[in-house]
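So the sequence lines, in the order shown, correspond to chains A and B. Residue numbers for the first sequence follow my numbering, beginning at 46 and rising by one. Residue numbers for the second sequence follow my numbering, beginning at 77 and rising by one. Using N, Cα and C, we set each Cβ at its ideal position, and we do this for glycine too. Please read the structure below before turning to the comments.
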Amino acid sequence: MPLPYSEIVMEHFRNPRNVGRIEDPDAKAVEGSPSCGDMVAVYLMVDEESQRITDIKFESYGCASNIATGSIITELAKGKTIGEAKTITWKDAADALGGLPPIKTHCSVLAVDGLRAAVENYEERHGLVKEREATTVEVIKKRLKHVMNPVVGLDVVRTNLVKGIEVSDGTVRVELDLREDHQFAASMSEEIREKLEPRWDVQHVEVVFVG
Amino acid sequence: MFENAVYLDNAAATRMDERVLEAMTPYFFDKYAVATSQFGYSLGVDARDVLDEARTEIAAVLGGDPETFVFTSGGTESSNLALKGVAAALGDKKGRHLVVSAIEDFPVLHSARSLERQGFALTTLPVDADGRIDLDQLRDAIRPDTILVSIQTANQEIGTLQDVGAIAEIAHKKGTLFHTDATHSFTRVPLDVRAVPVDLVTVSAHTLHGPKGIGGLYVRQGTPIRKWMDGGFQEFDLRPGVENIPGAVGFARAVALVTPEETARLQGMRDALVERLLGIPDTQLNGHPQHRLPHNANISFRFVEGESLLLHLDMRGFAVSTGSACFSRSLEASHVILGIGGNHERAHGSVRFTFGRYNAAGDVDAVAQAIAEVVAELRRISPLGKR
């Protein structure tokens, strides 16, 4: 079939592994949102002693590359320790899938983010976070690299959509080079909030349109 | 390829009718001359006659005189000629303002934006939840310097029909020209330029089982318009280039082959499909429930993404289209679904089905069954809509 997807991607798309949810999981995370496009949920069971992932499941609302990446990361992570699972990158997933079309990067990055977020969720729940990192402009920049600029399919930092970031007393202010009435304004604002609000030292997130 | 593939993307392209090819064939091999001059050799004179015959037949379906129909390479070129041609003729005389709807197809929308970049002012009219423009808003939008209103007859994705008669009246009362893109409605939904005071109409053969690469623009007598491509003096000095005589002959034949009975048959299949698909929970019809193309259905399935749906259907031998951002080359969600007030999620899970001559009644059952299964499977793996 003359599709831009590799045979492995199509195989995982047709028969995704480890699909579903785990009731009472040891950890879980949801990345993305229906308003911005794709969405992935990751559920983990972890053996407390060995810290190995004994079971992992995922759910996907997304395109073929999103489903296939969700499937492959569950295979890559199963049996690994949470420390090892955290180091799985988008490149590892893409390589295991025999490559992904560049335009589909953002759809597939979500699944990898989901796995990492689920591991972090586990660490938080089990008091494994040694020192809580304070939210700085650098930390925010890193988080915003997971928010996509839907116009071009690359993240908002790399596409220079983020004009300014300020942090003071638990309030984060993000300036976007976008008109308030832009078709993606509402969904991007929501996504940015979703990425920053869960941080322990953030009380309030302001997204300002300066385009 | 699939032995029994079910093709339901007839708005994108149609299978050409064998009878059309039959009509075209002599003009590739025996009568290949073109109409260089009416005083030339007889082969050329014959070509001129054949071209004019085809022109007369197609113009007649629109209710126009033969000399009002200009052959082009397709709908895209026709709409470019309409917008840019009128802008060239009137931009320095009457004014530099245009009105279009927000859900026009790209040839109109992007021609308008291209003119905007050249200094023309553009008003883009919003549409309601069914995809229709507001006639009062149109009336208010037309200014003394408005040179053209371009509102489509039928939408390419959701099939909504505009009230072209009323729009034409308003445009004319306000003294501005009116163009309509009828690419998706031509021959399926009647449009008579004697009853409707429309000045320019875009049509194309590829949507009605004719050849690709031929279309046309109806131009009412006396409409101020100038050619925007430079070359010879063909097509009333509006469209230069060697005439596509086999294409024109094929277009005319394709137009003649469409019958009201056939259109009614397509509508019957469409209605049956819509009924079946709306029986699936969390679905929504996009576009106007009554004022819509007879052969178009567009449905959003919540909690699933269109590209995944489309690929699963493809694996089962069904060809459909989606407004999902993931599917489009630009990764932008359908401007039509967003235009009718839909959110990303609705565009994401929207699927367009368009029927044509080669669909059989059994196709409805087959695709409805496949959709039900694929939607259920994708919802099973979706984190949304579980409780």
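Are residue i and residue j closer than 8 Å when you measure CB to CB?
i: B:VAL272; j: B:VAL240; result: yes
i: B:THR430; j: B:LEU84; result: yes
i: B:ASP257; j: B:THR278; result: yes
i: A:VAL157; j: A:ILE133; result: yes
i: B:ILE243; j: B:LEU214; result: yes
i: A:GLY215; j: A:HIS249; result: yes
i: B:ILE416; j: B:ALA87; result: no
i: B:LEU224; j: B:LEU253; result: yes
i: B:PHE196; j: B:ARG172; result: yes
i: B:VAL265; j: B:VAL380; result: no
i: B:SER458; j: A:TYR106; result: yes
i: A:LEU220; j: A:VAL182; result: Note on identity: in this sequence residue 220 of chain A is Glu, with Leu being the wrong assignment. Result no, Cβ atoms of A:GLU220 and A:VAL182 do not sit closer than 8 Å.
i: B:VAL203; j: B:ALA178; result: yes
i: A:GLY159; j: A:ALA74; result: yes
i: B:GLN238; j: B:ARG270; result: no
i: B:ALA158; j: B:VAL176; result: no
i: B:ILE290; j: B:VAL162; result: no
i: A:ALA163; j: A:LEU241; result: no
i: A:GLU236; j: A:VAL192; result: yes
i: B:PHE377; j: B:VAL427; result: yes
i: B:ALA409; j: B:GLY399; result: yes
Secondary structure at residue i, three-state DSSP: helix, strand or coil?
i: B:PHE262; result: coil
i: A:ILE118; result: helix
i: B:ILE447; result: helix
i: A:MET46; result: In this prediction, A:MET46 has a pLDDT of 40, which is less than 50 and means its spatial position is unreliable; nothing more can be read from the coordinates.
i: A:SER78; result: coil
i: B:THR86; result: The sequence as given places Asn at residue 86 of chain B; Thr does not occur at that position. It is coil, neither helix nor strand.
i: B:GLN213; result: helix
i: A:ARG97; result: strand
i: A:SER209; result: The sequence given here places Gly at residue 209 of chain A; Ser does not occur at that position. Strand, per DSSP.
i: A:TYR167; result: helix
i: B:HIS364; result: coil
i: A:PRO61; result: coil
i: B:ARG463; result: For B:ARG463, the predicted model reports a pLDDT of 47, less than 50, meaning its position is unreliable; a value from the coordinates is still stated below. Coil, per DSSP.
i: A:LYS190; result: coil
i: A:ALA162; result: helix
i: A:MET55; result: helix
i: A:ALA113; result: helix
i: B:MET77; result: Note that B:MET77 scores a pLDDT of 48, beneath 50, so its modelled location is shaky; the value from the coordinates is reported in the next line. It is coil, neither helix nor strand.
How big is the Cα-Cα spacing for residue i and residue j?
i: A:ASP71; j: A:ASP222; result: 40 Å
i: B:HIS371; j: B:GLU338; result: 10 Å
i: B:GLY326; j: A:VAL253; result: 56 Å
i: A:MET46; j: B:ILE246; result: Reliability of the predicted coordinates at A:MET46 is poor, the pLDDT of 40 falling under 50, and the value obtained from them is presented with this limitation in mind. Rounded to the nearest angstrom, the two C-alpha atoms are 50 Å apart.
i: A:ILE112; j: A:LYS131; result: 20 Å
i: B:PHE23; j: B:VAL82; result: Lying before the first or after the last residue shown, residue 23 of chain B is absent from chain B, which here runs from 77 to 463.
i: B:TYR108; j: B:ARG124; result: 11 Å
i: B:ARG463; j: B:HIS248; result: Reliability of the predicted coordinates at B:ARG463 is poor, the pLDDT of 47 falling under 50, and no value is obtained from them.
i: B:ALA330; j: B:PHE262; result: 11 Å
i: A:LYS102; j: A:ASP140; result: 21 Å
i: B:ALA373; j: A:GLU52; result: 32 Å
i: A:GLY115; j: A:ALA86; result: 9 Å
i: A:GLU120; j: A:VAL217; result: 37 Å
i: B:MET77; j: B:ARG392; result: Reliability of the predicted coordinates at B:MET77 is poor, the pLDDT of 48 falling under 50, and the value obtained from them is presented with this limitation in mind. Taking the straight line from one Cα to the other gives about 11 Å.
i: B:LEU198; j: B:PRO183; result: 15 Å
i: B:GLY344; j: B:ASP210; result: 30 Å
Which chain B residues are close to residue i, counting only those with a beta carbon under 7 Å from its beta carbon?
i: A:VAL75; result: PRO459
Which residues in chain A sit within 7 Å of residue i, going by Cβ to Cβ distance?
i: B:LEU414; result: GLN228
i: B:GLU383; result: CYS108 and ALA109
i: B:HIS248; result: Going along chain A, no residue has its Cβ under 7 Å from B:HIS248, so there is no contact; the nearest lies around 32 Å.
Counting only Cβ pairs nearer than 8 Å, list the residues of chain A close to residue i.
i: B:LEU159; result: Going along chain A, no residue has its Cβ under 8 Å from B:LEU159, so there is no contact; the nearest lies around 23 Å.
i: B:LEU198; result: The contacting residues do not exist; B:LEU198 stays about 16 Å from chain A at best.
i: B:HIS255; result: Simply none; closest approach about 26 Å.
Which partner residues does residue i have in the DSSP bridge list?
i: B:ALA99; result: Answer is none; B:ALA99 lacks a bridge partner.
i: B:VAL225; result: B:VAL175 and B:PHE254
i: A:GLU220; result: A:GLY209 and A:VAL253
i: B:ARG302; result: B:ARG302 pairs with nothing; no bridge assigned.
i: A:MET90; result: A:ASP100
i: A:ASP200; result: A:MET193
i: A:MET84; result: A:GLY77 and A:TYR106
For a contact defined as C-beta to C-beta under 8 Å, what are the partners of residue i on chain B?
i: A:ILE117; result: Within 8 Å Cβ-Cβ: nothing; A:ILE117 doesn't reach chain B, min ~14 Å.
i: A:VAL64; result: ARG456 and ILE457
i: A:LYS122; result: Note on residue identity: the sequence assigns Ala, not Lys, to residue 122 of chain A. Residues of chain B passing the Cβ test: none, with the nearest at roughly 18 Å.
i: A:ILE112; result: SER384 and ILE457
Would you say residue i faces chain C, with C-beta separation under 8 Å as the test?
i: B:HIS186; result: Judged by its chain identifiers, the structure shown contains no chain C, and its protein chains are A and B.
Which chain A residues are close to residue i, counting only those with a beta carbon under 9 Å from its beta carbon?
i: B:LEU267; result: None at all; the shortest Cβ gap to chain A is about 32 Å.
i: B:LEU389; result: Within 9 Å Cβ-Cβ: nothing; B:LEU389 doesn't reach chain A, min ~12 Å.
If you measure from the CB of residue i, is any heavy atom of the ligand GDP nearer than 7 Å?
i: B:GLY425; result: Inclusion of the ligand GDP in the displayed structure is not the case, the ligand content being empty and no account of it being possible.
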